[in-house]
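Novice:
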Ligand SMILES: CC(=O)N[C@H]1[C@@H](OP(=O)(O)OP(=O)(O)OC[C@H]2O[C@@H](n3ccc(=O)[nH]c3=O)[C@H](O)[C@@H]2O)O[C@H](CO)[C@@H](O)[C@@H]1O[C@H](C)C(=O)N[C@@H](C)C(=O)N[C@H](CCC(=O)O)C(=O)O
Ligand SMILES: Nc1ncnc2c1ncn2[C@@H]1O[C@H](COP(=O)(O)OP(=O)(O)OP(=O)(O)O)[C@@H](O)[C@H]1O
């Protein structure tokens, strides 16, 4: 491809060299540069890619796309100074991979909780409705049934567009993706052509990155602000920022709610551990999901399906056949008659929601034992809050490890316990080894009780000092149950 064809729509400040050059590839990582390619130097969050320009040139890069002032003295190299190299990377990746998002009906899901569930269920919905579809999610990426490993919730623009191009090549019509606040802030989604956006909710998370809730909301809102007129913007109006998300968008605005008037409305009729009886826009159905929060997710799925032009009655039929996503409220029954629930809840709000969902079903018949930890090198302010929420809504709490990364596991647990008073500490155990914590919970549980094992969900590792050791909550529970 010619360099000048890749620069269409990009804010170029200055070009020094030959813009008619044919290039063999594009790369943001100097270590992966192939001879003849263009290296895009990203400013980065912790690391500045501009410092690797010479490494990229050593590997044969012919073009350097940069934002900062750099040494442009090499005659044989073409230097392109752009206003914003992160934005340029997204748009260049889009063009390099043949603008795949324009060939797909692409819907992005943003929000603190429910992104994976909503995006995955949309993917399953459309496949069950007979369409070829793709999915980009925290758990895995899918191209019409073929699975690819996921490294991020929303990958970097090169990997992202490469995956979308795979979907186009496989004949997919639809693509559903999670849009994380990090990705919006780092412009990983620049250049993508969305047909719809969904906002699930916003509660405290990722303050290590965004610093304040206002900045976190601003990042989320940027996604809706940039949706085109042709797209739909579907928001949860029961969230206090649901309407805020719609303020500046050009997209067509739609709402969903369990509490108030909305375009897509649900009423809960009956709750049990195997599912919920609900009414969606006045039609009754049985879904295989537990908890009001899941009714919200299903409502978003239903709304987006209808907004993408599918028949509402068919959508409801498929909705009743959908099953929970891996590690989200996964229920395991012990031979002794108690229940273990493995759930990815790793934010205060998600933990509260899952525990409330358990109580709604238990109705006071049985105790709740919660095993929970907080990640290392991430938002510290949520630690005491999560411990307090766990204690408030459980009969017994075991604080344990959850991806300590480069922090001391005991120190993280202590931060959590610091949020508890003496009374609350009386029903709390601190057990660093997660396997031991789960075993202890199982020893304490009696018939009718529920153990919530929160935080890791689908993850099959424990991240300790940069090494991912195999660990799977569900595997531990199944071993204890003798399965
Ligand atoms: C804090 C954060 O978000 N960091 C992301 C950011 O990294 P960064 O800019 O600091 O640094 P970097 O990628 O190491 O280097 C900057 C540039 O220099 C280049 N480089 C670097 C080294 C070298 O030798 N040569 C070279 O060219 C890199 O390719 C890059 O272009 O850009 C990288 C490339 O896109 C991401 O991989 C990286 O994600 C890190 C690994 C991460 O853990 N991110 C998490 C927090 C994240 O993004 N999470 C959200 C979901 C959150 C949630 O909802 O739970 C996600 O979407 O996954
Ligand atoms: N709509 C919702 N509202 C509140 N909590 C939810 C909602 N949906 C799911 N949860 C809770 O959050 C956990 C994570 O759900 P899910 O993976 O769908 O969210 P996510 O936004 O993709 O999170 P992440 O980006 O961190 O992967 C679930 O295990 C459940 O406990």
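Residue numbers (UniProt numbering): 1 to 483.
Glycine included, C-beta positions come from ideal geometry on N, C-alpha and C.
#1: Cβ of residue 514 within 7 Å of any heavy atom in ligand 1?
#2: List in chain order: all unbroken alpha helix (DSSP H) runs of 4+ residues lying wholly within the segment 189-227.
#3: If you check the beta carbons only, do residue 430 and residue 413 fall under 8 Å apart?
#4: Would you kindly check if the distance between the Cβ of residue 383 and the Cβ of residue 374 is under 8 Å?
#5: When DSSP labels each residue in this structure, what does residue 134 get in the three-state scheme?
#6: Which residues mark the beginning and the end of the beta strand (DSSP E) in which residue 123 is found?
#7: In whole angstroms, give me the CA-to-CA distance for residue 215 and residue 409.
#8: What's the C-alpha gap between residue 49 and residue 42?
#9: Return yes when the C-beta of residue 111 is under 7 Å from any heavy atom of ligand 2, and no when it is not.
#10: Which residue comes first and which comes last in the alpha helix (DSSP H) that contains residue 486?
#11: Tell me whether residue 344, by its Cβ, gets closer than 7 Å to a heavy atom of ligand 4.
#12: Below 8 Å CB to CB, which residues in the same chain sit around residue 427 once its five sequence neighbours on both sides are set aside?
#13: I believe residue 233 touches residue 197 by the beta-carbon criterion, under 8 Å. Please report the beta-carbon distance rounded to the nearest angstrom.
#14: Report the CB separation of residue 235 from residue 255 in whole angstroms; it is logged as a contact under 8 Å.
#15: Is the segment 251-270 in contact with the segment 289-302, if contact means three or more CB pairs nearer than 8 Å?
#16: Please determine if the segment 154-172 and the segment 188-207 are in contact, where contact requires at least 3 C-beta pairs separated by less than 8 Å.
#17: Going straight from the alpha carbon of residue 6 to that of residue 84, what length do you get?
#18: When every heavy atom of ligand 1 is checked, does at least one fall within less than 7 Å of the C-beta of residue 46?
#19: What is the DSSP secondary structure of residue 108, reduced to helix, strand or coil?
#20: Hey, out of 407, 399, 165 and 139, whose CA is closest to residue 371's CA?
#21: If I follow the unbroken alpha helix (DSSP H) through residue 86, where does it start and stop?
#22: Going residue by residue through the UniProt domain "Mur ligase C-terminal" (327-457), where are the continuous beta strand (DSSP E) segments of at least 3 residues, counting only ones entirely within it?
#23: Quick check on residue 407: buried or exposed, where buried means 16 or more other Cβ atoms within 10 Å of its Cβ?
#24: Return the bridge partner residues of residue 234 from the DSSP annotation.
#25: Rounded to a whole number of angstroms, what is the C-alpha to C-alpha distance between residue 161 and residue 169?
#26: To the nearest angstrom, how far is the alpha carbon of residue 376 from that of residue 464?
#27: Mind pulling the beta strand (DSSP E) runs of 3 or more residues that sit fully within the segment 17-77?
#28: What did DSSP end up calling residue 1 once you bin it into helix, strand or coil?
#29: Since residue 492 is in the alpha helix (DSSP H), which residue starts that stretch and which ends it?
#30: Tell me whether residue 462 is buried or exposed, calling it buried when 16 or more other Cβ atoms sit within 10 Å of its Cβ.
#31: With hydrogens ignored, establish whether the beta-carbon of residue 256 is closer than 7 Å to any heavy atom of ligand 2.
#32: Rounded to whole angstroms, what is the Cα-Cα separation between residue 333 and residue 312?
#33: With residue 475 as the anchor, note down where its alpha helix (DSSP H) starts and where it stops.
#34: Answer yes or no: the CB of residue 148 versus the heavy atoms of ligand 1, is any distance below 7 Å?
#35: Verify whether the separation of the beta carbon atoms of residue 338 and residue 271 is less than 8 Å.
#36: Sorted by chain position, which residues of the same chain lie with C-beta nearer than 7 Å to residue 23's C-beta, five sequence neighbours on each side aside?
Specialist: Reading off the structure:
#1: Look at the range of the chain in this structure, 1 to 483, and you will see that residue 514 is not part of it.
#2: Secondary structure within the segment 189-227: the alpha helix (DSSP H) runs of 4 or more consecutive residues, fully enclosed, are 207-210 and 213-225 (chain order).
#3: In this structure, residue 430 lies near residue 413, with their beta-carbon atoms less than 8 Å apart.
#4: When the beta-carbon positions are compared, residue 374 and residue 383 come within less than 8 Å of each other.
#5: Looking at residue 134 - three-state DSSP - the assignment turns out to be strand.
#6: Counted as a single uninterrupted DSSP element, the stretch harbouring residue 123 is not any beta strand (DSSP E) but the alpha helix (DSSP H) occupying residues 115-128.
#7: Rounded to whole angstroms, residue 215 to residue 409 spans 29 Å at the Cα level.
#8: A direct Cα-to-Cα measurement between residue 49 and residue 42 gives close to 5 Å.
#9: Using a cutoff of 7 Å, the CB of residue 111 counts as near ligand 2, since one of the ligand's heavy atoms is closer than that.
#10: Only positions 1 to 483 of the chain appear in the structure, and residue 486 is not among them; the question remains open.
#11: Because ligand 4 does not appear in the structure shown, any question about it cannot be addressed here, the ligands present being ligand 1 and ligand 2.
#12: Closer than 8 Å at the Cβ level, and outside the excluded window around residue 427, lie 391, 394, 395, 396 and 397.
#13: Right, the Cβ-Cβ distance comes to about 5 Å (below 8 Å), so this counts as a contact.
#14: Going by Cβ atoms, the distance from residue 235 to residue 255 rounds to 6 Å, so yes, they are a contact pair.
#15: These segments touch.
#16: Contact holds between the segment 154-172 and the segment 188-207, because three or more Cβ pairs, one in each stretch, are under 8 Å apart.
#17: C-alpha separation (whole angstroms): 15 Å.
#18: Yes - ligand 1 has a heavy atom lying nearer than 7 Å to the Cβ of residue 46.
#19: Under the three-state reduction of DSSP, residue 108 is assigned to strand.
#20: A check of alpha carbon separations from residue 371 across 407, 399, 165 and 139 identifies 399 as the nearest.
#21: Taken as a continuous stretch (DSSP letters only), the alpha helix (DSSP H) holding residue 86 covers 85-96.
#22: DSSP runs (the beta strand (DSSP E)) wholly in the UniProt domain "Mur ligase C-terminal" (327-457): 330-333, 339-343, 368-372, 396-399, 428-430 and 450-454.
#23: Residue 407 is classed as buried because its beta carbon has at least 16 other beta carbons within 10 Å across all chains shown.
#24: Answer is 198 and 254, bridged to residue 234.
#25: Using only the alpha carbons, I get a separation of about 12 Å.
#26: C-alpha separation (whole angstroms): 9 Å.
#27: Complete beta strand (DSSP E) runs here, min 3: 38-40 and 63-66.
#28: Annotated three-state conformation of residue 1 is coil, per DSSP.
#29: An answer regarding residue 492 cannot be provided, because it is not within the stretch 1 to 483 covered by the chain.
#30: By the 16-neighbour rule on beta-carbons within 10 angstroms, residue 462 is buried.
#31: Outside the cutoff, so no.
#32: In a straight line, the C-alpha of residue 333 is about 35 Å away from that of residue 312.
#33: In the DSSP annotation of this structure, the continuous segment of the alpha helix (DSSP H) that includes residue 475 starts and ends at 473-480.
#34: Residue 148 Cβ: outside cutoff for every heavy atom of ligand 1.
#35: Judged by their CB atoms, residue 338 and residue 271 are not nearer to each other than the 8 Å cut-off.
#36: Only 1, 3, 36, 37, 38, 62 and 63 meet the Cβ criterion.
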